[in-house]
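K.L.:
What follows is a single structure, and I will ask about it in a moment.
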Amino acid sequence: MRSTFMGLEVAKRGMFTQQSALYVTGHNISNANTPGFSRQRINFQTTTPYPAVGLNRPNIPGQMGTGVEAGSVQRIRDSFLDVQYRTENTKLGYWNARADALTKVEDIINEPTEEGLAATMTELWQSLEDLASSSENEGARGVVLERLQSLTDTFNYMSDSLTAVKKDFGNQIGVTLSAANSVIQKLFDVNAQISEVEPNGYLPNDLYDERDRLVDELSQYMNISIETEESGGNDSPIAEGIFKISIVDTAGNKTEIINKTEYKQFSFSASLPVTTDVPASSNRIDEMHLVTHDKSDTAGAVTPISLIDSNGAVSFSQGEIRGLIEAYGYKGKKDTDGDATTLEEATVGTFQNMIDELDKLAYSLKELFNGIHKLGYDAEGNPGKDIFVTDTSASGLPYAGAAGSIRLSAITSKEIAASAVPKNADGSVNIGDGKNALNLANIGSHLLNPGNVIELLGTTNTYTIPTDLPIKTGSLNSFYEGVIGRLGVDSQQASRMERNVNVLLGAVQTNRDSVSSVSLDEEMTNLIKFQHAYNGAARMITIVDEVLDKIINGMGVAGR
Numbered sequence: 046m047r048s049t050f051m052g053l054e055v056a057k058r059g060m061f062t063q064q065s066a067l068y069v070t071g072h073n074i075s076n077a078n079t080p081g082f083s084r085q086r087i088n089f090q091t092t093t094p095y096p097a098v099g100l101n102r103p104n105i106p107g108q109m110g111t112g113v114e115a116g117s118v119q120r121i122r123d124s125f126l127d128v129q130y131r132t133e134n135t136k137l138g139y140w141n142a143r144a145d146a147l148t149k150v151e152d153i154i155n156e157p158t159e160e161g162l163a164a165t166m167t168e169l170w171q172s173l174e175d176l177a178s179s180s181e182n183e184g185a186r187g188v189v190l191e192r193l194q195s196l197t198d199t200f201n202y203m204s205d206s207l208t209a210v211k212k213d214f215g216n217q218i219g220v221t222l223s224a225a226n227s228v229i230q231k232l233f234d235v236n237a238q239i240s241e242v243e244p245n246g247y248l249p250n251d252l253y254d255e256r257d258r259l260v261d262e263l264s265q266y267m268n269i270s271i272e273t274e275e276s277g278g279n280d281s282p283i284a285e286g287i288f289k290i291s292i293v294d295t296a297g298n299k300t301e302i303i304n305k306t307e308y309k310q311f312s313f314s315a316s317l318p319v320t321t322d323v324p325a326s327s328n329r330i331d332e333m334h335l336v337t338h339d340k341s342d343t344a345g346a347v348t349p350i351s352l353i354d355s356n357g358a359v360s361f362s363q364g365e366i367r368g369l370i371e372a373y374g375y376k377g378k379k380d381t382d383g384d385a386t387t388l389e390e391a392t393v394g395t396f397q398n399m400i401d402e403l404d405k406l407a408y409s410l411k412e413l414f415n416g417i418h419k420l421g422y423d424a425e426g427n428p429g430k431d432i433f434v435t436d437t438s439a440s441g442l443p444y445a446g447a448a449g450s451i452r453l454s455a456i457t458s459k460e461i462a463a464s465a466v467p468k469n470a471d472g473s474v475n476i477g478d479g480k481n482a483l484n485l486a487n488i489g490s491h492l493l494n495p496g497n498v499i500e501l502l503g504t505t506n507t508y509t510i511p512t513d514l515p516i517k518t519g520s521l522n523s524f525y526e527g528v529i530g531r532l533g534v535d536s537q538q539a540s541r542m543e544r545n546v547n548v549l550l551g552a553v554q555t556n557r558d559s560v561s562s563v564s565l566d567e568e569m570t571n572l573i574k575f576q577h578a579y580n581g582a583a584r585m586i587t588i589v590d591e592v593l594d595k596i597i598n599g600m601g602v603a604g605r
């Protein structure tokens, strides 16, 4: 026999469950503009029907429903879209950093423009050609001297500017690494909170959202892999568990940085405390370490991580940190003098590579110009002397620092050796012979193959290309054209990849929003739906109350 009050219980369950659904809908509406919030829903499920199967069951036509209950409050999320988003976000972080670095290099090099190095060199060659036709003209000599000074100023400016921006990127690495460490610590804390809630059977949806938001942010800095482990206890079958997060290198190797009991932060120091500032004494990054912290945030073991792979490339797989390190500089491998011999521990990086190219050009220009200039004669009939001076004695490579230190020697316009021969047949100074000025004007187009012999105009002298020049093929002009061409291609590729990845990321985000974001129109519809259901359940209680009143007060009173 079913209970007389059964209908009252069914209606009560309906009211309470619809009321919970209204509260969840209100929570969704309140967080419609909250970053990272995923809409939530009540998972309705019927309660156990009456009667249960057994020998003593009542003799009724069949089982009757006993109402509804809220099985769980679950957020709506597609984990596959999360993985897609983080993959593209990692790529975007890398290409953003790379495109930014190359754009800054392009801004400094400023080619092709009238203020660029190519135009400055062209003006120098032209002024020397003008001097060749009027070498006795003091004005023409003064113009050459000004062009020489302009050339050294341009080299100095470009080298100093690249060095300054490179330093800025070093500071940016420290800021970014510090931000990544902060996210790692916050993720560990959120993980700990989730591990305290899930064993009680609850779903900490808002904590899940915060964790996913932090993981999204971390994915911008580095390539990460996520595994989950159960919290234990009486956790729900649909609980998302505890995240174990690892960084992944280019070879696919994983290094765990977050688990249930500890987390690891990045540091440039092999000892405590955690240091995220790039070492001031170095112009590159040689190593990086992970510092382990326990639940009390106490720092412990410091372990090195692989920063450079066997090919001399940064082993971080994508991410903003890799892009910044590649821009700033790291201990890698490269051919430093053009002879196809790889230097194993060279400083490699976007800015350093361009500085090296300018150093090679400045050093080679100095060697050629000085060498040919000393084979000529000035306005007094004296042999030419060095025009350019560089300070590279403190560097490991002979040309390193040439662009930043190149300057004119203490020379006057009369000391420019424009003549190829010192005296006329009668013994007078041959100031009108401008053949050596033409020899100097042709420096930019001479092939620089080691040992190549250059026939000089106006004299029987020859000039042999030194074997130790860092540029070993092509000419000075073609070398610089190649540098600018490669810079343009690299910058164009980085900008294109940045745009493409941004489009893909936007598409994935749109798909994520279609699944997880709050639609106010949909929530308003749900409000009306749950309100009507609530009103219906309340009306049923009124009906049941009338039935009970009839039973209690209206039965057994016949004849009164």
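Each step along the sequence shown adds one to the number in this note's numbering, with nothing skipped, and position 320 is 365.
In this text, a Cβ means the ideal position worked out from N, Cα and C, and glycines have one as well.
The structure presented is a predicted model; accordingly, all values stated were derived computationally and were not measured.
So, is Q265 buried or exposed, given that buried needs 16 or more other C-beta atoms within 10 angstroms?
P.N.:
buried
K.L.:
What are the boundary residues of the beta strand (DSSP E) that includes Q310?
P.N.:
Unbroken beta strand (DSSP E) run through Q310: 308-312.
K.L.:
Is D380 helix, strand or coil by DSSP?
P.N.:
strand
K.L.:
Using 10 angstroms around the beta-carbon of E591, count the other beta-carbons present and answer buried if the total reaches 16, otherwise exposed.
P.N.:
exposed
K.L.:
Please state whether DSSP places F50 in a helix, a strand or coil.
P.N.:
coil
K.L.:
What ranges does the beta strand (DSSP E) occupy inside the region 476-505, keeping only unbroken runs of at least 3 residues that lie completely in it?
P.N.:
498-500
K.L.:
Keeping to the same chain, check which residues put their C-beta closer than 6 Å to that of Q363; ignore five residues upstream and five downstream.
P.N.:
So the qualifying residues of the chain are T135, K136, Y139, N268.
K.L.:
Compute the beta-carbon to beta-carbon distance between I121 and V560, rounded to the nearest angstrom, for a pair I have assumed lies under 8 Å.
P.N.:
Beta-carbon to beta-carbon, I121 and V560 are separated by about 6 Å, close enough to satisfy the 8 Å threshold.
K.L.:
If you run the structure through DSSP and keep just helix, strand and coil, what is V260?
P.N.:
In this structure, DSSP gives V260 a helical state, which the three-state scheme calls helix.
K.L.:
Around the C-beta of K595, are 16 or more other C-beta atoms found within 10 angstroms, so that it is buried, or is it exposed?
P.N.:
K595 is exposed by the Cβ-count criterion.
K.L.:
Would you mind stating whether F214 and L406 have Cβ atoms separated by less than 8 Å?
P.N.:
Not a contact, by the Cβ cut-off of 8 Å.
K.L.:
Could you name the residues that DSSP lists as bridge partners for E568?
P.N.:
None; E568 has no bridge partner.
K.L.:
Grab me the residues of I586's own chain with a C-beta within less than 6 Å of its C-beta, minus the 5 sequence neighbours each way, in chain order.
P.N.:
A56
K.L.:
Going by CA-CA distance only, name the one from A224, K459, S276 that's closest to P249.
P.N.:
Of the listed residues, the one whose Cα sits closest to P249 is S276.
K.L.:
Just confirm the distance between the C-beta atoms of S314 and I302, as a whole number of angstroms; I'd bet it's less than 8 Å.
P.N.:
With a Cβ gap of about 17 Å, S314 and I302 do not count as contacting.
K.L.:
Which residues mark the beginning and the end of the beta strand (DSSP E) in which F89 is found?
P.N.:
85-91
K.L.:
Under 8 Å: do the region 488-497 and the region 411-424 share three or more Cβ pairs, one atom per stretch?
P.N.:
yes
K.L.:
For G116, which of Y247, D234, S564, E390 has the nearest alpha-carbon?
P.N.:
With distances taken between Cα atoms, G116 lies closest to Y247.
K.L.:
Do M399 and V150 come within 8 Å of each other at the CB atom, strictly closer than that value?
P.N.:
yes
K.L.:
Is T457 helix, strand or coil by DSSP?
P.N.:
coil
K.L.:
What are the partner residues of P349, as DSSP defines its beta bridges?
P.N.:
Beta-bridge pairing links P349 to H334.
K.L.:
Would V319 pass as a contact of V336 if the rule is Cβ separation under 8 Å?
P.N.:
Contact: yes.
K.L.:
With DSSP as the reference, please indicate the residues paired to V434 in a beta bridge.
P.N.:
R452
K.L.:
Taking CB distances under 8 Å as the criterion, tell me whether H338 reaches chain C.
P.N.:
Annotation note: the requested chain C is absent from the structure, which comprises a single protein chain.
K.L.:
For A325 and F396, what's the separation of their Cα atoms in angstroms?
P.N.:
17 Å
K.L.:
Does the region 232-248 touch the region 278-285, meaning 3 or more C-beta pairs lie closer than 8 Å?
P.N.:
Touching, per the Cβ criterion.
K.L.:
Helix, strand or coil: how does DSSP classify K21 here?
P.N.:
Since the displayed the chain opens at 46 and closes at 605, residue 21 lies outside it and no answer follows.
K.L.:
Mind checking which residues open and close the beta strand (DSSP E) that includes R120?
P.N.:
113-120
K.L.:
Sorted by chain position, which residues of the same chain lie with C-beta nearer than 7 Å to V118's C-beta, five sequence neighbours on each side aside?
P.N.:
Result list for V118: V69, Q85, I87, L248, N250, in chain order.
K.L.:
Out of F361, K309, N356, K340, which one is the CA nearest neighbour of G297?
P.N.:
F361
K.L.:
Rounded to the nearest angstrom, what separates N304 and Y373 at their Cα positions?
P.N.:
31 Å
K.L.:
Tell me the DSSP secondary structure of F82 in three-state form.
P.N.:
coil
K.L.:
Determine the closest residue to V553 out of G110, V293, R131, with distance taken between C-alpha atoms.
P.N.:
R131
K.L.:
Have a look at G112, P80, L169 and flag the residue whose alpha-carbon is nearest the alpha-carbon of A578.
P.N.:
Of G112, P80, L169, the smallest CA-CA separation from A578 is found for G112.
K.L.:
Can you tell me whether DSSP reads A146 as helix, strand or coil?
P.N.:
helix
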